[in-house]
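Engineer:
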Amino acid sequence: MPSLFASYLRVYEPLTAFDRDRQSYWRRYVSEGRAVAPVEGPGRQRTAVIEALGAGWTRLPDLPEEAYVLETDDSLLVCPWNLRIRVAEAALSARDGVPSVLADAFVPPVLAGQARAVVDDWRSGARVLEHGVPRVHEQIATWGVPLRWFVLFDPAERDLVTEPGRRALRYRTEISKARRRSSRALSVLRKSVGDAPITEAVEEAARWLEEFHPRSVVELDYGGLVDLLSDETLEADDSPELVAGGLAGLSRGEADEASAAYDKLVARWRAVQLLERCN
């Protein structure tokens, strides 16, 4: 379950990306007014998971099918939460690198086995043939924003709200634009730094985007991070611009310019990450 001080990278797909049953379900879901606003979603997700798991952690629960929704003049786009698969993956990740005694205490073997079965079924060939590519529509990062996410957006796509009770900072773009930007970034990084961790990270993000419908919308949401940052800091935030500037410097062979942009970004987001230790 993510910290409330987290950022989110989401993909909203048009209904045509889903099978007929899912299309009917999401239409009914929206018409009944059940869609959840992004500002309320993380808290609702945590509550749903905690209530479903209970105190015993002996089973992988059935979780509600919820989603974020974007409605435009001519289309309806949906970002499903996929809570069951995300809980299963989190349960398996919690056991990685932990002594078996501790792993079994936090995630009992019975729950781990159920989680593995859910993940394997989701990724299996039969599942892909029956339901299409297995897509997890939301990525989550706690106490910061991964620098690779900024590659996908242009500064002009920012939406900032600083009204009390509604504070938010989001970027939204068409998935075709995000794909082009990640492709250009990959080309620059491969030529300038080769198989470095940043190149692999951008490549991973690019591969993830390829799973979705070509008429999808990609969203970067600062989520609960806005509660850690002042209005002035949010208004002055130019992280996508710095990433674009650094890539442009690399493409021109100006390493100092690229390094300066990278150092500024790392320092900015390290300051946010350090707040976790004060929590």
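In the working numbering, the protein residues as written are 16 to 294. Note that beta-carbon positions come from the ideal geometry of N, C-alpha and C, so glycine has one too. The structure presented is a predicted model; accordingly, all values stated were derived computationally and were not measured.
For a quick check, are the C-beta atoms of proline 29 and leucine 91 less than 9 Å apart?
Structural biologist: Translated into positions along the sequence shown, residue 29 becomes position 14. Translated into positions along the sequence shown, residue 91 becomes position 76. Closer than 9 Å, so yes.
Engineer: Spatial neighbours of alanine 286 within its chain, please: CB distance less than 7 Å, with the 5 preceding and 5 following residues excluded, ordered by chain position.
Structural biologist: If you number the sequence shown from 1, residue 286 lands on position 271. So the list is empty, once near-sequence residues are dropped.
Engineer: Secondary structure at arginine 173, three-state DSSP: helix, strand or coil?
Structural biologist: Position 158 of the sequence shown holds residue 173. Strand at arginine 173.
Engineer: Compare the C-alpha of glutamate 80 against each of Val26, Thr87 and Arg49 and name the closest.
Structural biologist: Translated into the one-based positions of the sequence shown, residue 80 becomes position 65. Minimum Cα distance to glutamate 80 is reached at Arg49.
Engineer: At which residues does the alpha helix (DSSP H) containing alanine 52 begin and terminate?
Structural biologist: The count along the sequence shown starts at 1 and reaches residue 52 at position 37. First-last for alanine 52: undefined, no H or E at that position.
Engineer: Residue range of the beta strand (DSSP E) that proline 229 falls in?
Structural biologist: Position 214 of the sequence shown, counting from 1, holds the residue named residue 229. No beta strand (DSSP E) holds proline 229; DSSP gives it neither H nor E.
Engineer: State the Cα-Cα distance for the pair phenylalanine 165 and tryptophan 284, rounded to the nearest angstrom.
Structural biologist: For the purposes of this step, residue 165 is taken as residue 150 along the sequence shown, with counting starting at 1. For the purposes of this step, residue 284 is taken as residue 269 along the sequence shown, with counting starting at 1. Answer to the nearest angstrom: the Cα atoms are 12 Å apart.
Engineer: Does proline 114 pass the burial test, meaning 16 or more other C-beta atoms within 10 Å, or should it be called exposed?
Structural biologist: Taking the sequence shown and counting its residues from 1, one reaches residue 114 at position 99. Classification of proline 114: exposed, given that the 10 Å Cβ count is below 16.
Engineer: By Cβ distance below 8 Å, which residues in the same chain neighbour alanine 21 in space, the five residues on each side in sequence not counted?
Structural biologist: As a working mapping, residue 21 is identified with position 6 in the sequence shown. Pro57, Ile155, Ala156, Thr157, Trp158, Gly238, Gly239 and Leu240.
Engineer: Taking just the CA atoms, how far does serine 191 sit from glutamate 230?
Structural biologist: Working through the sequence shown from its first residue, we reach residue 230 at position 215. Working through the sequence shown from its first residue, we reach residue 191 at position 176. Looking at the sequence itself, residue 230 is arginine, so the reference to glutamate does not match. Taking the straight line joining both Cα atoms gives about 8 Å.
Engineer: Determine the DSSP secondary structure at threonine 157, reduced to helix, strand or coil.
Structural biologist: The count along the sequence shown starts at 1 and reaches residue 157 at position 142. Three-state DSSP puts threonine 157 in a strand.
Engineer: For serine 245, which option in Ser207, Glu178 and Thr31 has the closest C-alpha, if you only look at C-alpha atoms?
Structural biologist: For the purposes of this step, residue 245 is identified with residue 230 of the sequence shown, where counting begins at 1. Out of Ser207, Glu178 and Thr31, Glu178 has the C-alpha closest to the C-alpha of serine 245.
Engineer: Determine the closest residue to aspartate 174 out of Val93, Thr188, Glu47 and Thr62, with distance taken between C-alpha atoms.
Structural biologist: Within the sequence shown, the letter at position 159 stands for residue 174. That would be Thr188, whose Cα lies nearest to the Cα of aspartate 174.
Engineer: CA-CA distance, leucine 167 and glutamate 269?
Structural biologist: On the sequence shown, position 152 is the one that residue 167 refers to. On the sequence shown, position 254 is the one that residue 269 refers to. Cα to Cα, the separation comes out at about 22 Å.
Engineer: Under the rule that 16 or more other beta-carbon atoms within 10 Å means buried, what is leucine 144, buried or exposed?
Structural biologist: Counting from one through the sequence shown, the residue named residue 144 turns up at place 129. Confidence in leucine 144 is poor, its pLDDT being 41 and thus under 50, which makes the residue's placement unreliable; the coordinate value appears in the next sentence. Leucine 144 is exposed by the Cβ-count criterion.
Engineer: Strictly by DSSP, which residues pair up with leucine 24?
Structural biologist: Stepping through the sequence shown from its first residue, residue 24 is reached at position 9. Paired residues: Gln154 and Leu235.
Engineer: Under three-state DSSP, which class holds proline 29?
Structural biologist: Here residue 29 refers to the residue found at position 14 of the sequence shown. Three-state DSSP puts proline 29 in a strand.
Engineer: My output table needs one value for glutamate 269: the three-state DSSP class, helix, strand or coil.
Structural biologist: Residue numbering aside, residue 269 sits at position 254 when the sequence shown is read from its first letter. The answer is coil: DSSP assigns glutamate 269 none of H, G, I, E or B.
Engineer: Taking buried to mean at least 16 other C-beta atoms within 10 Å of its own C-beta, is serine 39 buried or exposed?
Structural biologist: On the sequence shown, residue 39 is found 24 positions in, with the first residue counted as 1. By the 10 Å Cβ count, serine 39 comes out exposed.
Engineer: How would you label glutamate 86, buried or exposed, when you count the other beta carbons within 10 angstroms and need 16 or more for buried?
Structural biologist: Stepping through the sequence shown from its first residue, residue 86 is reached at position 71. So glutamate 86 ends up on the exposed side.
Engineer: Can you check which of these residues, Leu235, Ala52 and Leu204, is closest to alanine 216 by C-alpha distance?
Structural biologist: For the purposes of this step, residue 216 is identified with residue 201 of the sequence shown, where counting begins at 1. The shortest C-alpha separation from alanine 216 is found at Leu204.
Engineer: Candidates Tyr44, Ala130, Val176 and Arg37: which alpha carbon is nearest aspartate 236's?
Structural biologist: Position 221 of the sequence shown, counting from 1, holds the residue named residue 236. It is Val176 whose Cα lies nearest to the Cα of aspartate 236.
Engineer: Out of Glu153, Ala120, His152 and Arg99, state which residue places its alpha-carbon closest to the alpha-carbon of arginine 131.
Structural biologist: By 1-based counting over the sequence shown, the position of residue 131 is 116. The shortest C-alpha separation from arginine 131 is found at Arg99.
Engineer: Do alanine 183 and valine 64 have their beta-carbon atoms positioned less than 9 Å apart in this structure?
Structural biologist: Numbered from its first residue, the sequence shown carries residue 64 at position 49. Numbered from its first residue, the sequence shown carries residue 183 at position 168. Not in contact: valine 64 and alanine 183 (Cβ atoms no closer than 9 Å).
Engineer: Which residue or residues does DSSP assign as beta-bridge partners of tyrosine 83?
Structural biologist: To locate residue 83, count along the sequence shown from 1; it is residue 68. Tyrosine 83 is bridged to Cys94.
Engineer: Between aspartate 89 and the rest of its own chain, which residues show a CB-CB distance below 8 Å, the 5 nearest in sequence each way excluded?
Structural biologist: On the sequence shown, residue 89 is found 74 positions in, with the first residue counted as 1. Counting only Cβ-Cβ distances below 8 Å, and skipping sequence neighbours, we find nothing.
Engineer: How about alanine 220 and leucine 19: do their beta carbons lie closer than 9 Å?
Structural biologist: Translated into the one-based positions of the sequence shown, residue 220 becomes position 205. Translated into the one-based positions of the sequence shown, residue 19 becomes position 4. In this structure, leucine 19 does not lie closer than 9 Å to alanine 220 by Cβ.
Engineer: Just to confirm, are valine 102 and tyrosine 44 a CB contact at a threshold of 9 Å?
Structural biologist: By one-based count along the sequence shown, residue 102 stands at place 87. By one-based count along the sequence shown, residue 44 stands at place 29. Not a contact, by the Cβ cut-off of 9 Å.
Engineer: Measuring straight from C-alpha to C-alpha, what distance separates valine 160 and glutamine 288?
Structural biologist: If you number the sequence shown from 1, residue 160 lands on position 145. If you number the sequence shown from 1, residue 288 lands on position 273. Rounded to the nearest angstrom, the two C-alpha atoms are 10 Å apart.
Engineer: Nearest CA to the CA of alanine 276: which residue from Ser266, Gly261, Val93 and Val232?
Structural biologist: Numbered from 1 along the sequence shown, position 261 holds the residue referred to as residue 276. When only C-alpha atoms are compared, the closest one is Gly261.
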